[in-house]
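A.B. asks:
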Amino acid sequence: MTNHTIALIAGDGIGPEVTVAVQQVLEAAGAPLSWDEHPAGLAALERDLDVLPESTVEAILHHGLALKGPCTTPVGEGFSSVNVQLRKQLELYAAVRPVRSLPGVDTRFEDVDLVIIRENTEGLYSGVENEVTPGVVMSMKVASERGCRRIAHWAFRYATQRRRKKITVFHKANIMKLTDGLFIRMAAEEHEREYPNIEYQEAIIDAGCMRLVQDPSQFDVLLLENLYGDVVSDLCAGLVGGLGVVPGANIGESHAVFEAVHGSAPDIAGQGVANPLALLMSAVMMLNYIADTRGDKECRRCAERIRDAYDQALKDGQKTRDLGGELDTNTFAAAVIERL
Ligand code: NAI
Ligand code: MG
């Protein structure tokens with residue numbers, strides 16, 4: 007049996023807590039994985055390393071795959087985001103975040119089934135800022151034809167492979183005529199050129215958000231530039247039970263980093279109560295990605311086993327506190343393991 011070595015970044019705050027729980031589930035499921043652990047974020051700074059050490063980036067380049075916990079980024083000052091650096095350096099240009107209703111998790115809507123595809127390397131989220139003159143600061147929004155086209159192409163290919171019906175681009179091209187204008191122009195071109203079978207829509211983002219919270223079933227795949235994708239991801243998480251249940255993948259041409267949408271959750275860090283499900287679901291995405299790209303059927307079987315087990319656990323009312331249950335990180339992991 008092939009064994010796949012995965013670069014592991016435990017991250018900050020709740021990162022190490024949820025990472026250990028996920029590793030336990032993967033091991034119990036017999037996932038053919040081994041780990042090569044590397045620091046990043048505050049964890050790296052505490053060891054007198056760079057916030058994103060070169061050796062960490064090299065490990066991901068070498069193994070091609072990483073599972074990553076969240077990394078803290080200080081607000082309004084301090085070092086720039088490890089996540090942004092990592093996504094840019096490795097050109098992980100496509101962030102994919104499936105948002106689905108889960109059994110046993112009651113929310114306002116029952117059948118949410120959305121996929122968010124976020125451009126991950128350009129836009130305002132790059133954080134390219136400067137002080138023009140004292141009291142006046144500026145942030146630069148960058149969009150390139152290459153960047154907009156490749157994410158649009160990726161999104162349409164994804165939609166086709168996954169038999170999704172429709173892509174909606176959220177934008178603000180009425181105001182940002184050049185940058186968002188380029189984003190929708192490239193999407194429309196990709197649609198017309200290669201993917202006319204997928205329905206294509208554009209929505210101005212503010213009204214789009216209103217429609218999302220009124221009736222998410224109007225949407226299927228959402229395609230967004232970087233900052234919009236960041237914001238709308240958390241909004242969509244709110245439709246299905248919160249950040250504890252939304253996984254993600256950052257994908258480039260030959261490397262992929264799997265991580266939950268949530269951050270390091272300093273408000274609950276160290277208490278052992280964080281929901282490990284979002285990272286577990288990200289690991290399931292990783293197993294499926296290995297099956298797709300390396301043809302390893304055992305990874306597919308493992309992914310299915312784990313998904314069935316956590317679905318069953320939720321149906322049985324085994325839930326962490328963020329979902330209204332009473333379990334903590336480890337007891338939830340144990341409940342999943344019991345059902346494998
Ligand atoms: P957050 O996502 O860490 O937390 C938002 C809220 O959701 C908090 O109340 C938290 O307790 C709750 N929450 C998040 N994940 C949870 C889980 N697994 N189980 C139960 N509850 C959960 O967002 P926040 O507080 O805005 O950011 C904290 C730090 O995380 C910041 O430094 C930010 O830069 C960083 N961050 C890192 C990300 C990454 O590494 N990919 C992504 C998002 C934020
Ligand atoms: Mg975010």
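In this text, residue positions in the sequence shown follow the working numbering: the first is 7, and each later residue adds one. All C-beta atoms, glycine included, are put in the ideal place defined by N, C-alpha and C. Quick caveat, the model's predicted, so the values are computed rather than measured.
1. Could you tell me the boundaries of the beta strand (DSSP E) in which residue 12 lies?
2. Is any non-hydrogen atom of ligand 1 found closer than 7 Å to the C-beta of residue 10, if you look at the structure I gave you?
3. Does the count of Cβ pairs from the segment 277-289 and the segment 125-138 closer than 8 Å reach three?
4. Taking residue 119 as part of the beta strand (DSSP E), name the residues at either end of that continuous run.
5. From residue 63 to residue 258, what does the alpha carbon distance come to, in whole angstroms?
6. In this structure, what does DSSP give as the bridge partners for residue 4?
7. For residue 207, report the span of its beta strand (DSSP E) as first-last.
8. As a quick check of your reading: which residues have a C-beta less than 7 Å from at least one non-hydrogen atom of ligand 2, in chain order?
9. I think residue 108 touches residue 247, with their Cβ atoms under 8 Å apart; what is that distance to the nearest whole Å?
10. Which same chain residues end up closer than 8 Å to residue 354 when comparing Cβ atoms and leaving out the 5 residues on each side of it in sequence?
11. By Cβ distance, which residues of its chain are closer than 6 Å to residue 312, with the 5 residues on each side in sequence left out?
12. Go ahead and label residue 213 buried or exposed: buried means 16 or more other beta carbons lie within 10 angstroms of its beta carbon, across all protein chains shown.
13. Under 8 Å between the Cβ atoms of residue 305 and residue 315?
14. Quick one: does the C-beta of residue 76 sit closer than 7 Å to a heavy atom of ligand 1?
15. Measuring from the CB of residue 111, is there a heavy atom of ligand 1 at a distance below 7 Å?
16. Could you tell me how far apart the beta carbons of residue 78 and residue 48 are, in whole angstroms, since I believe they sit closer than 8 Å?
17. Suppose the cutoff is 6 Å on Cβ atoms and the five residues either side in sequence are ignored; what does the same chain contact list for residue 37 look like?
18. Given the structure, does residue 347 come close to ligand 1, in the sense that its CB is under 7 Å from one of the ligand's heavy atoms?
19. Rounded C-beta distance between residue 59 and residue 45? I'm assuming under 8 Å.
20. Indicate the three-state DSSP secondary structure (helix, strand or coil) for residue 256 in the structure shown.
C.D. replies: In brief:
1. 10-15
2. no
3. no
4. 119-125
5. 14 Å
6. The structure shown has nothing for residue 4, since the chain only spans 7 to 346.
7. 205-210
8. 236, 239, 240, 267, 269
9. 6 Å
10. Here the chain covers residues 7 to 346 and nothing more, so residue 354 does not appear.
11. 35, 290
12. exposed
13. no
14. yes
15. no
16. 5 Å
17. 308
18. The shown model of the chain, from 7 to 346, leaves out residue 347, and the question about it has no answer.
19. 7 Å
20. strand
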